[in-house]
Structure formats: C-alpha cells, structure tokens
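Below is one structure, written out as structure tokens; comments come after it.
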Amino acid sequence: MQLAVVALAFALEAEAQREPPCGLPNGPACLAPGVELTALAAGQAHSCGLARNGAAYCWGDGRNGELGNGDTLITRFPVPVEGNRRYVAIGAGGAFSCALSRAGEVFCWGRAQTVPGWPHAQRSPVLVPFAGAVTMLAVGLRHACVLDRDRQAHCWGWNVDGEAGVGSAGLERPTVPAPAPVAGGLRFAAISAGGNFTCAIDPAGAVWCWGSNADGILGASAPERCGDVDAVPCATRPVRIPLPETMSQVSSGMGHACALGITGRAWCWGTNGSGQLGFLGRAAIGAPREVPAPEGDRFAVISSGGLGSCALTVSRQLHCWGADLQNMGGQVRHPDDYAPRRVGTGRYAAVAVGRAHHCALESGGALSCWGDTILGALGRR
0 MQLAVVALAF ALEAEAQREP PCGLPNGPAC LAPGVELTAL AAGQAHSCGL
50 ARNGAAYCWG DGRNGELGNG DTLITRFPVP VEGNRRYVAI GAGGAFSCAL
100 SRAGEVFCWG RAQTVPGWPH AQRSPVLVPF AGAVTMLAVG LRHACVLDRD
150 RQAHCWGWNV DGEAGVGSAG LERPTVPAPA PVAGGLRFAA ISAGGNFTCA
200 IDPAGAVWCW GSNADGILGA SAPERCGDVD AVPCATRPVR IPLPETMSQV
250 SSGMGHACAL GITGRAWCWG TNGSGQLGFL GRAAIGAPRE VPAPEGDRFA
300 VISSGGLGSC ALTVSRQLHC WGADLQNMGG QVRHPDDYAP RRVGTGRYAA
350 VAVGRAHHCA LESGGALSCW GDTILGALGR R
C-alpha cells in the first residue's frame, strides 16, 4: 500500500513537470500544439473557438454535451469537437453550441430542444434540418437563428417569450422544434440571438428586435404579452429600434443589446444592473444610449454578454464595461466603475462575452479568458 502511495506521488510530480506554462491561474488558456484560434464564442458557462483550419474546439461546462466531444464532463482545457468537420462560424448558448460548416450546413450539440429533432441532449454534432444553405448563424440562451441566402431569418428552440419571432409564443407555442421563418418577411444582413430575445440588422442598417421586453430591449414597442405563467410585454415579430445612425453590427446579450454604427460609435440598451450599458445605474434603459469610445479611436467590433460588454477599437485595443468579473483580466478596478476601460496592453483580434466570463484572442494568437472560473469556461484552472 505504501509503495502504491509513493508511486502515485511520483506520477503526480511527473505530471506536474509536464504541465505546460499555459493553463495556470491568471495565465493564458491552453491550446494543443499547433492550434491557433481565429474566432471565439462564449456561452453561459462554456466557450468555443474555431482554429485557422476550421476545426472547432470547446471548453468549460459540458454536462449537457455542449462541448461536442462525446462526453458530459466539465473540461477546463479546449478539446476538439467530434466529427472532423470544418466550420466558418461557431456560437455558444446556454447549454448548447452550434457551428456553420463551409457547405452552409448547421450542426448543433448539447441541451435537448435546442438540437432540432432530438428529444435528448446530444454529446456530438447533429445536422440541423434546413432546406437551403445558411449564410449566418446566431446562438442564444435557449434558441438559435440563421439567415438563408435570401437574407430571411429562421429560428428554433425556446419561444416562451417570443424569441423565435414566429408570430406566436407562450403556452400557445412554447418551443419551435425546427427552423421556422421569422414573421413579417423582412430581410436581414446580420442577426444576433440573446437571452430571451433576438435582434437583427436589415440591409439599410436599421435594427429590429423581437422577444421579451422585460428588460426594455424593445423600448416602447411591445404590443403583446408572452410568458408561461407571468405575462410580460413582448413582440412575437420584429419591431424597429430607434437609433440615430446606420448600424453595421448588433450583439444580443442576456438582458441587454449593443449596436455599432458605421461611424464606429456604439449604443447599448436594456438591463443595467451591472453597468452593462457603460454607466453606473441600476434601472433598465429602453432607449439606446451611446457608449463613449476612447479619445481618438473608434469601435470596430462589439460583443454583449450577461454582466457586461466588450469592444475592439480600430487600433485593436480591447475595452470592456460592466461587472468587474474579477479584475478584468488581472487589472485592478473599483467594483462600481462601469465605464469602458482598456483591458490588457496588447492588440486583439477577437473578443466574446459570455454570461459571467470574457474571452479574447491577441493578435499573436494567445487566448485569454477571465471571469467565473467555477465550470472551466476560462480554459485554465
């Protein structure tokens, strides 16, 4: 017995010596040798990314199969998604993930009801039945949406609050089992699925949203009542959000949204309990409010999550606002300082904001995540 204990001790010491310098607390996340990520997605408690060759990797909470590696375990380091497919886009939701293949097909894995046609959680990618090719993918908390070649939106999954936008919701149509057209026949250039709502941009740069208005996402345009027990204001079809200029991007978080104008200015609206809108204030704001960009710079990419948002500037600086999330990548901040602050000192190529964690890719390929460490979404201990 004593020999076994000694042998185990030597084995653990050898394992520790083999451990790479990545993956340590407050350090970069670990990637397999030769793997360089070019795209990121952050969900409720897991993260995903695409490698330069299109291979998908996920890490974090995998108890519903959302990592796509055939297991239902919490995995603290990026693992390859099964199937050996090549993808051009990936999204991470509440407890599921989806990716868009080079052929325009969508594959999903994870929680039941978010993977069309499967009543149980799927631990490996499953093809989403859809007639025609998909050009854009958006993954929300419990629903997902796509754009087809005609720029029409189709959504599926949870629909209690009208987030699928199919013209009905609540007890009448609590779930949408397969991709269904969004009501109204509008065409969109971009789409983003959030907590219990969805937003999209039309070809003219106008923003439209649908779903719950509990957090003010729809502003004064919530003509219906949705919900399973407690009715809340909602819209089961797109309503236009008044914004002061033409928009180029929109990002839907858990309870707030942000949009980026063609001039590089950003606006956010919705819940603000953690400073998600870029200023100190607890009340939800139904009217978009501008988030100031750094002096002499403009925003180029924006991402909204649960407790905050981040944006990349034209000069590739990373700025975030909202909840402190354990010192924003190691930098000391006052917990009530919700204004946009620069994160890190380098240049960044991508950013993704989850429910309570953020991930970013440096221009040199290093992956850094910070925030909630409990379920492994940071890709390190």
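With numbering that gives the first Met the number 0 as the guide, the letters of the sequence shown map in order to residues 0 to 380. Every residue, glycine too, gets a C-beta built ideally from N, C-alpha and C. All figures in this text were calculated on a predicted structure; none of them were measured in a lab.
Reduced DSSP secondary structure (H/G/I, E/B, other) of residue i
{"i": "L276", "result": "coil"}
{"i": "L39", "result": "strand"}
{"i": "G210", "result": "strand"}
{"i": "L146", "result": "strand"}
{"i": "L30", "result": "coil"}
{"i": "G169", "result": "helix"}
{"i": "G90", "result": "strand"}
{"i": "V114", "result": "coil"}
Cutoff 6 Å; reference residue i; Cβ partners in own chain excluding five residues on either side
{"i": "A88", "result": "L99 and L136"}
{"i": "R101", "result": "R85 and V87"}
Within 8 Å, strictly: CB atoms of residue i and residue j
{"i": "C107", "j": "S96", "result": "yes"}
{"i": "L42", "j": "G93", "result": "Going by the sequence as given, residue 42 is Gly instead of Leu. Yes, these two residues count as a Cβ contact at 8 Å."}
{"i": "P178", "j": "W155", "result": "yes"}
{"i": "E65", "j": "A50", "result": "no"}
{"i": "A348", "j": "E361", "result": "yes"}
{"i": "G263", "j": "F298", "result": "yes"}
{"i": "L242", "j": "V206", "result": "yes"}
{"i": "V165", "j": "V181", "result": "yes"}
{"i": "R379", "j": "C57", "result": "no"}
{"i": "W268", "j": "G285", "result": "yes"}
{"i": "S303", "j": "C319", "result": "no"}
Anticipated Cβ contact below 8 Å, residue i with residue j, distance rounded
{"i": "V231", "j": "A256", "result": "The pair is not a contact, with the Cβ atoms about 17 Å apart (cut-off 8 Å)."}
{"i": "V175", "j": "A163", "result": "4 Å"}
{"i": "A54", "j": "C47", "result": "A54 to C47, Cβ: 11 Å. No contact."}
{"i": "G103", "j": "A132", "result": "3 Å"}
{"i": "Q275", "j": "G252", "result": "7 Å"}
{"i": "L306", "j": "A355", "result": "6 Å"}
{"i": "R148", "j": "F187", "result": "Their Cβ separation, rounded to whole angstroms, is 12 Å, which puts R148 and F187 out of contact at 8 Å."}
{"i": "G161", "j": "C208", "result": "Contact doesn't hold; Cβ gap of about 10 Å is too wide."}
Close Cβ partners of residue i (< 8 Å) along its chain, the five nearest in sequence each way excluded
{"i": "Q248", "result": "A189, I200, A258, L259, V300 and I301"}
{"i": "Q316", "result": "P293, D296, R341, R346 and Y347"}
Contact set for residue i: own chain, Cβ-Cβ below 7 Å, skip 5 residues either direction
{"i": "A120", "result": "N63, G64, G109, R110 and A111"}
{"i": "S167", "result": "T235"}
{"i": "V238", "result": "W207, C208, W209, L217 and S220"}
{"i": "A365", "result": "P27"}
{"i": "V105", "result": "C97, L99, V127, F129, V133, L136 and V145"}
### Query
Do the region 233-243 and the region 206-224 meet, that is, are 3 or more Cβ pairs less than 8 Å apart?
The region 233-243 is in contact with the region 206-224.
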